[in-house]
Amino acid sequence: MNPPPPRKGTKPGKTILETEVLIIGGGVTGAGIMRDLALRGVHSILIDKRDLCAGASGGNHGLLHSGARYVASDLHSAGECRQENQLLKRLAPQCIEQTGGLFVAVDGDDPQFAEQFPTLCRGAGILCEELTVSEAKRLEPHLSDKLIKAFRVPDATVDPFRLALENVDHSRVINGSIYCPHTELLGFERVGDVIHAAVCRDNRANTQLTIRAGQYINAGGAWAMNIARLAACNDVHLLYSKGTLLISHDRMTHHVINRLRHPGDGDILVPGGTVSVLGTTSTRTDDLENVRPTVAEIDLNIQEGSAMIPALAGARYIRAFSRVRPLLQSTGNTDDRGAARGFVLLDHATQGLTNFCTITGGKLTTFRLMAEKTCDLVTARLGKQEACKTSTVPLPHGEACRWTEPGAAPKYWFKANNPDDMILCECEMVPQSAIDQIVQCAPGIEEEMTLEAIALRSRAGKGPCQGSFCGIRICSYLYDRGYYRDTTGLEHMRNFFNERFKGQRTVIWGQQAAQMELAEALHCGLLGLDTLENH
Amino acid sequence: MKEETRNFTTQLAIIGSGIAGFAASIFAVNRKIATAQIGNTGAVAYTTGYLDLLGKMDGAQAAVNDPWQALEQLRKSQSNHPLSRVAVADIHRGFNEFTAFLGECGIAYSQPEKRNITALTPVGTLKQTLCVPATMAAGPRAFAAKKPCVIIDFIGLKGFSGRQVVANLQDRWPNLGTQRIAFPDMVHGEIYPEVMARALEVPATREKLAYTLKNAAGQAKVIGLPAILGMHCPDHVRAELERLTGLEIFEIPTMPPSVPGIRLRELFEQVLPKKGVTLIPQQKVTALDFDDRGATLSLFDSYGPIRIQAQTVILATGRFLSGGLEAHPDGIREHLLDLPVTQPADRTHWYHDRYTDPRGHAIHRAGIEIDDTFRPLRLDGRPYSDRLFAAGIIIAHQDWIRGRSGAGIAIATAFRAVAEAERYLLAETNPEKRV
Amino acid sequence: MDKNGSYLVTAPKQEKGTPMADTQIATINFKEEALRLLPEGASFEACLTCGLCSSGCPASGIENMDPRKFIRMAELGMDVELSTTPWVWCCTQCKRCHHVCPMNIDISQLVFLARSNWPEDKKPSGIVRSCQMILATDSTSAMGLPPADFVFVVDDVLQEVRATQPAFQHLQAPMDKQGAHFFVNQNSREPMSEPDEMVPLWKIFHLVGADWTYSSKGWAAENFCMFSGNETAWYEVIKKRVDAVNELGCQVWLNTECGHSYYTMWQGVKRFNLTANFRLESLITYYARWIREGKLPVNSKWNTKGIKFTVQDPCMIVRKAYGDAIAEDMRFVTRALVGEENFIDMQPNRSANYCCGGGGGFLQAGMTEHRRTYGKRKFDQIAATGAAYVLTPCHNCHSQMEDIGHFYGGNYGVVHFWTLICLSLGILGDNERTYLGPDLLELLD
């Protein structure tokens, strides 16, 4: 284990870290770059102003595209997806559930679109099998009675958190590359055509640190334009599209279900372990920091989704979330969904820089390819010859990375059959030992992890009570272990509940309203977290 | 085999078995009103045992020290708040009557005083409340006097950590320490407060625990435990443990499933039938109809259908948790009679963005409207029925959670609703006395 | 058989429910089954995960399971684990979790389903064998006592009482009496192992002048087929019993001091939609009625030493069937028998009562260690009353409370109501005193 650099008590501006490559942005792309570099023998530091997958990487369906989604709009992306889908299924099976996907049209959908679909798939080399309506209904009983067409494609689901954690963990194992959470880039020290250092701030300790590297990679996703500007690069042009998704309490289908039409609102339903994820909406936004679901977006998703799966209209939802997707402005397309889904790698040579590049756009499915292209550029600039290995080296299983998988904790716990290893999160059945392992050796550990950081690395708080009970139990357990020592532990608890609430706010009705009333009575009425003073 | 409908007739039917419903039953019993009470008693088990009246003014960050003065203030600023619609003297009477009843039936309570008590919570924060069970009273006293004290926690008990309590109180209570011990004969696996509380009703278990406690206390003369001091005779258990240890002992409520709530539920379930109340727990009323002669309640229990004919009805069905109100995506509805619910314009306005926003969330202020005699109102502003009254947090214009006023609203409104039902019954029995 | 002659079956040691054969346990989709079986709004997805169920469940912790874990595992799709966990044989389906659940979620139905899903050769053999015995004769007796033997035993005992107890030389124990008002059932334990224990009941009927009869068919009370989760067998048992009552044209099927016999009949008639031309009643209700009517002039004057008694509410007739009404009858009878001041209620009680651990076939499942762990809570509750005796109208409760009393070093006895009624009336014969301790025997001398 290679712990992150000590940050407690550091004086402003005094801490200096050195590495070969600094990666800015802890999404799956940044994490993928980190591992790609490590496999080529290059040491890196990965920073994120929040934590892993805090942006679009964590705010999506978790869909591993077969490519079929893009056959009508973007054949190139479709091909990339097909290729990456096959690679990841082979190399990172622990992050993937091979659910298969269905494309379904219901009465009223454009029949011409449906007619072309298999031909287009064939053209892109994507396996596509037509199902009769009754076959499709047998596979997925929740499908609408108004179903008119159905095709099966090799879609799958992927856990982006596990993917990022495993990539970061493997990088550490290979060459001690370092991940620093809540480390925000403030600016670059640029001299001529070279960046000498990145000036950063630890947002928790509120201290400054300087990171010196040979190469700097901007993997900031939606923030990439802002980051590039800090290096005085004005060649990144992004538009922002806000998408909102919601999570049902139950898993509604076995397969990924796509609406067989031109992409629109609420037309993909993706199973995620024990739940399903429905989305998405798409609206332009300028605001990167305060994206939250709105009631209108939730209702629209449900209304559209229930055309495919009528049961979605009455389902219990436990959570909703929004994320901003960067769109490459150069396409000039007015329809954000129709915009090319490819990625862009900018070497910033035209901006007079030789050791800074930006990777943005793309999608979860092609993260590895994006990392490969980026690292090809960066290693060449470093004067190294090593070729990319991520298309051949399987992603190993990191011990502390397994807890994000739904159902993994209870299976482990049940088998271990140790009555003293008590369950702390009852909904997702996360035992003490999982929490212990996370705070001891998960990627991104530090002296005092927040409950949010622990939850990101596990299923804690993901069940129907959304952390309202386990937040208290885990917090109390961490005090117990001497891990939390003062009133900041309660702040972690309050912040955790506030963070979980963001996702609940728009879906609190029915059963969830009962759950929330009990939670608030406990958190505010008894514990007084609404009047907690900050330390 | 025929399933026969069982019929009951009663003067007053109380629908709902939360604090409001039980308070109403107690007031009715004390007034010799024939009473039937129906409702799932489960959620009473979530209560902490603390009886809040008013612990915080809406939107204010500071706690309320003098709830009686705060009530006067509330009356001026929020005249439609349910607590503003009950005379302060009646609220006082209601609390006295309610706590006296609990005391007689086996759970002694502190009397309502001039000021709120600063009580302890399981995470080491402080809370303003009006009355505390006698088993918890020494905690606030010890805190106020900053007496040397040890918080005890147990191997196998989740969600309660002495270290946590100490870490959060140490600045204000320097002589606070903690010790972890094993509960007698329960060394491995998870252990629930309920199990410990029941085990402590056995003298032999108390003796074993007392021995351990004495050692754990060290120099301290006061010890605090999670709420486990017995289930149906907590005062006796505490007295016995104090006798055996020579220490002063208090309880701190725990997160659900916690003992003080279960104590209240079991007490109500046992005592009220003894006092003549027809208590039908664990069931919900499926239909409520009114005609000239009275109200008819329909429900089922595991044995079959039940019909209750009542002269008057108190609706104390609570909010979302207990099912009195239902939150639908398109609005909030009252479950049983579809009474109009005053509520925010749409779901967008139910909650603020931030969960712990000190202003509280608008959804909690939603509820049914009542007139000055506590009769629920129709849309046209007329009473739904002269025989129907409402009590508890189903009534609009209050936020019981943020106001730390759940028990206060329940007891005060139940007091008034029973008084109004009694007035109606009296008039119906003696028409000539109708004023 | 244990020393008191109860039918504790000594099955092959099977403490952890270890499989005995190679048959596989099929996997149930518990989440879907819960949706199908439970009412809307009270299925597993309504669970708030508050833990009140597990907090008040004596089976919590056994096999590392509890009711909340059962629900969560179902919701998380751990169907293989739930389908195979031996915990379903430790949960007695007492429904206390359902009783305390603010959301009204009933787990016991899914436990029944899980039990029914186990192949017969993997189920606890004690329960399966008892069910097979029940099906083997027209008696429906779990101890396999055939009709002719039952008729013989009853007559044999009757003749002896008539001969040895002059006050009862005209005692009756009618058999197959057409048109009798009461059809009286009998737990097999009495005719099989302690036949004299039937006599107090006959004396009570004699005293109140009841028009009653035994039946040579369908007379037995117990039903291990229900406990084994074998629905077809459950149906067959109940069908036989219902037919027997219908044939004799009795108006009331009177359940004697046995808990689950009432529940299995009452539920069975409803579940299988059987035509029963009679009412199902519990003997407890009649004890109370006859005392109120003065037909059973019991009093507590005999209890000169102030011996303390408590009552165990059988889950099967209180929480799971009649509700608190019958619990009140039981207390009324007890107070009349032992004196108001000598009755100490167990806590908690009535519908909130804890199962003792003798129910659901646990006594016959061969899981002794688990059963005693379960029973520790009941032992504590009995100990907390300080009572010298527990009264209970249930044979499984009776055996379990005796066993845990011995195991945990308690010094209480367990008695039937009929014993105490006859004791109070001064008509308890010498052979009818098996369950009396020295303190009570001393009062009789």
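Residue numbers (this note's numbering), protein chains in the order written: chain A, 609 to 1143; chain B, 43 to 477; chain C, 5 to 449. Note that the Cβ used here is the ideal one computed from N, Cα and C, for glycine as well. All values reported here derive from a predicted model rather than from experimental measurement.
Whether residue i touches residue j by CB criterion (8 Å)
i	j	result
Ala281/B	Leu357/B	no
Pro175/B	Phe202/B	no
Thr52/B	Thr320/B	yes
Gly402/B	Ala438/B	no
Leu954/A	Val844/A	yes
Glu67/C	Pro90/C	yes
Ala744/A	Val714/A	no
Phe185/B	Thr160/B	yes
Leu854/A	Gly800/A	no
Glu792/A	Leu977/A	no
Ala529/C	Glu226/C	Residue 529/C lies beyond the range of chain C shown here (5 to 449); nothing can be said about it.
Asp644/A	Glu1125/A	no
Val241/C	Ile138/C	yes
Ile704/A	Thr627/A	no
Span separating the alpha-carbon of residue i from that of residue j
i	j	result
Arg117/B	Leu283/B	45 Å
Val208/B	Leu1032/A	21 Å
Glu1007/A	Glu85/C	23 Å
Cys319/C	Ile111/C	15 Å
Lys317/B	Val71/B	7 Å
Val244/B	Gly667/A	54 Å
Val192/B	Ile291/B	10 Å
Leu451/C	Pro301/C	For chain C, the structure presents residues 5 to 449; residue 451/C sits outside this window and is missing.
Glu36/C	Pro1018/A	19 Å
Met107/C	Gly448/B	20 Å
Asn941/A	Thr893/A	Low confidence applies here, because Asn941/A scores a pLDDT of 46, under 50, leaving its location unreliable and the question unanswered by this model.
Leu896/A	Ala836/A	15 Å
Pro386/B	Gln440/B	13 Å
Asn281/C	Leu175/C	29 Å
Pro613/A	Ile786/A	Below a pLDDT of 50, predicted positions are generally treated as unreliable, and Pro613/A, at 44, falls in that range; the measurement from the model is reported next regardless. About 9 Å.
Residues bridged to residue i (per DSSP)
i	result
Leu936/A	Leu846/A
Thr220/B	Ile193/B
Met228/B	Phe225/B
Gln556/B	The question about residue 556/B has no answer here: the residues shown for chain B are numbered 43 through 477.
Asn826/A	Ile632/A, Thr966/A
Leu886/A	Leu854/A, Leu877/A
Ile819/A	Leu625/A, Ala806/A
Glu79/C	None, per the DSSP bridge assignment.
Ile288/C	Paired residue(s): none; Ile288/C is not in a bridge.
Thr765/A	Leu671/A, Glu705/A
Integer-rounded CB distance, given that residue j should sit under 8 Å from residue i
i	j	result
Thr982/A	Ile825/A	6 Å
Phe421/C	Glu261/C	6 Å
Leu868/A	Ala646/A	Their Cβ separation, rounded to whole angstroms, is 41 Å, which puts Leu868/A and Ala646/A out of contact at 8 Å.
Val492/B	Pro235/B	Examination of residue 492/B is not possible in this model, given that chain B is present from 43 through 477 alone.
Glu905/A	Thr852/A	4 Å
Gly709/A	Val761/A	5 Å
4 or more residues per run - each alpha helix (DSSP H) lying fully within the segment 1033-1104 of chain A: The segment 1033-1104 of chain A contains these whole alpha helix (DSSP H) runs: 1040-1049, 1059-1064, 1078-1088.
Jot down the residue ranges of each uninterrupted alpha helix (DSSP H) in the segment 143-201 of chain B, minimum 4 residues, whole runs only, in chain order. If we require 4 residues or more, the alpha helix (DSSP H) runs fully inside the segment 143-201 of chain B come out as 180-187.
What runs of the beta strand (DSSP E), each 3 residues or longer, lie entirely inside the segment 197-276 of chain C? If only complete runs of 3 or more residues are kept, the segment 197-276 of chain C shows the beta strand (DSSP E) at 256-259, in order along the chain.
Note down, one range per segment and in chain order, each beta strand (DSSP E) of at least 3 residues found wholly within the segment 288-340 of chain B. As far as the segment 288-340 of chain B is concerned, its whole beta strand (DSSP E) runs of at least 3 residues are 290-294, 320-323, 329-333.
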